[in-house]
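Asks: Every letter in the sequence shown is one number past the one before it in this note's numbering, and letter 257, counting from 1, is 263.
The structure is given below, and queries will be raised subsequently.
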Amino acid sequence: MIDLSTNFAGLSMKSPIIVSSSGLTSSVNRIKKVAAAGAGAVVLKSLFEEQINYEVGNISDGHDYPEAGDYIRTYARENSLGQYLSSIREAKEAVDIPVIASINCVSASEWIDFAAKIADAGADALELNIYFLPINKEKDPREYEKTYLDLVSEVKKRTSLPLIIKLGNGFSNITWMVNQLYQRGAAAAVLFNRFYAPDINTDDLSFGSAEVLSTPAELRNSLRWIGIVSSQVDQLDLAASTGVHSGMAVVKQILAGAMAVQICSVLYRNGLDYIKDMTVEMLKWMEKNQYKSPDDFRGKMNYGSLDDPSVYERAQFMKFYSSMQ
Numbered sequence: 007m008i009d010l011s012t013n014f015a016g017l018s019m020k021s022p023i024i025v026s027s028s029g030l031t032s033s034v035n036r037i038k039k040v041a042a043a044g045a046g047a048v049v050l051k052s053l054f055e056e057q058i059n060y061e062v063g064n065i066s067d068g069h070d071y072p073e074a075g076d077y078i079r080t081y082a083r084e085n086s087l088g089q090y091l092s093s094i095r096e097a098k099e100a101v102d103i104p105v106i107a108s109i110n111c112v113s114a115s116e117w118i119d120f121a122a123k124i125a126d127a128g129a130d131a132l133e134l135n136i137y138f139l140p141i142n143k144e145k146d147p148r149e150y151e152k153t154y155l156d157l158v159s160e161v162k163k164r165t166s167l168p169l170i171i172k173l174g175n176g177f178s179n180i181t182w183m184v185n186q187l188y189q190r191g192a193a194a195a196v197l198f199n200r201f202y203a204p205d206i207n208t209d210d211l212s213f214g215s216a217e218v219l220s221t222p223a224e225l226r227n228s229l230r231w232i233g234i235v236s237s238q239v240d241q242l243d244l245a246a247s248t249g250v251h252s253g254m255a256v257v258k259q260i261l262a263g264a265m266a267v268q269i270c271s272v273l274y275r276n277g278l279d280y281i282k283d284m285t286v287e288m289l290k291w292m293e294k295n296q297y298k299s300p301d302d303f304r305g306k307m308n309y310g311s312l313d314d315p316s317v318y319e320r321a322q323f324m325k326f327y328s329s330m331q
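Okay, structure coming up:
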């Protein structure tokens, strides 16, 4: 009997497949469908710092008195947070899978205080999406990294919930960064976040958004780093994200060392029931290869498990490039 049960960030999950923060997880009805399709956990749609600021700006327009503006700002913040906390409670009552709250932030401001209330609402864990675009030519890159790490430390002081840090791939040393997150109390890291990318319309010279949804080809970057990091920072759980579009993609990431995967784009393309198809594909592969649990093959292909780990490094590129001459 094959058992897909997985423990990720201290959470017991019936499957390694997590549905990531998105519009697919924005309502209780959708979360019910996610659970019914077989997901192991769900990450609620993020509470955005910018969203709160935008709401405050809209509501406070037209008020001449600073006291009124302060009151309205406080009201808007409390209500935005209140609605989010309510969504956590409703989700916990509706499904029997772990419910992970999510905060998307760009500064070390009031959002840190939100973390203390997330646990009281019943969330099983908290995912932090922290992103600072490093565009200041005068700023030492280490300052950006320090900001990430200080934020994690501050949030850890305010909540006992497992902290899951979703990272972009723009660090000079990803392995070092993940290890530092572990040192500051993070329970897991997600590699990698897929950020909004701009595009330029050459007809009217306007800005728009590039392709929003990921493609299967984008699996390779996270596959490489899951394989490398999992062998060097094994005290912290890793989840793979971006480009996971099939059951075999899940298998590959687990072979590389992932404890879990996060999916989103593939569900927008194929519907929530596609989780079932991915699960069946995983089970067939495991049965064929006589594995009873993901733990039986987890990390078998990571950097530390290979006789020739250069497949993850530059040497493999050189070998491939020379063969193309």
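The beta-carbon is built from N, C-alpha and C at its ideal position, and this holds for glycine as well.
Exposed or buried, P140, counting other C-beta atoms within 10 Å across all chains shown (16 or more means buried)?
Replies: So P140 ends up on the exposed side.
Asks: Sort out for me which residues DSSP pairs T12 with in a bridge.
Replies: DSSP, once it has assigned bridges, lists M19 as partnering T12.
Asks: Measure the C-alpha to C-alpha separation of A131 and P168 and round it to an integer number of angstroms.
Replies: For A131 and P168, the distance between alpha carbons rounds to 5 Å.
Asks: Could you tell me how far apart the beta carbons of L30 and Y90 are, in whole angstroms, since I believe they sit closer than 8 Å?
Replies: Contact doesn't hold; Cβ gap of about 17 Å is too wide.
Asks: With which residues is C111 paired in a DSSP beta bridge?
Replies: C111 pairs with I136.
Asks: Which of the three DSSP states is assigned to G403 in this structure?
Replies: Since the first residue of the chain shown is 7 and the last is 331, residue 403 is not available in this structure.
Asks: Pull the bridge partners of L244 from the DSSP assignment, please.
Replies: Beta-bridge pairing links L244 to A195.
Asks: Who are V267's beta bridge partners in DSSP?
Replies: Its beta-bridge partners are I23, A246.
Asks: What does a CB cutoff of less than 6 Å around I124 pick up in its chain, not counting 5 residues either side in sequence?
Replies: Here the set comprises A107, L132.
Asks: For S28, does the count of other Cβ atoms within 10 angstroms reach 16, so buried, or fall short, so exposed?
Replies: With 16 or more Cβ atoms within 10 Å of its Cβ, S28 is classed as buried.
Asks: Expressed to the nearest angstrom, what Euclidean distance is found between the alpha-carbon atoms of V40 and A266?
Replies: Each residue's Cα considered, the two are about 16 Å apart.
Asks: Taking the alpha-carbon of F303 as reference, which of V317, M284, G277, K258 has the nearest alpha-carbon?
Replies: It is K258 whose Cα lies nearest to the Cα of F303.
Asks: Roughly how many angstroms separate the alpha carbons of Q186 and D210, rounded to a whole number?
Replies: Looking at the two C-alpha atoms, the distance is approximately 45 Å.
Asks: Would E55 pass as a contact of V112 if the rule is Cβ separation under 8 Å?
Replies: For E55 and V112, yes; Cβs fall inside 8 Å.
Asks: With burial defined as no fewer than 16 other Cβ atoms inside 10 Å of the residue's Cβ, what is the status of Q241: buried or exposed?
Replies: Its Cβ having fewer than 16 others within 10 Å, Q241 is exposed.
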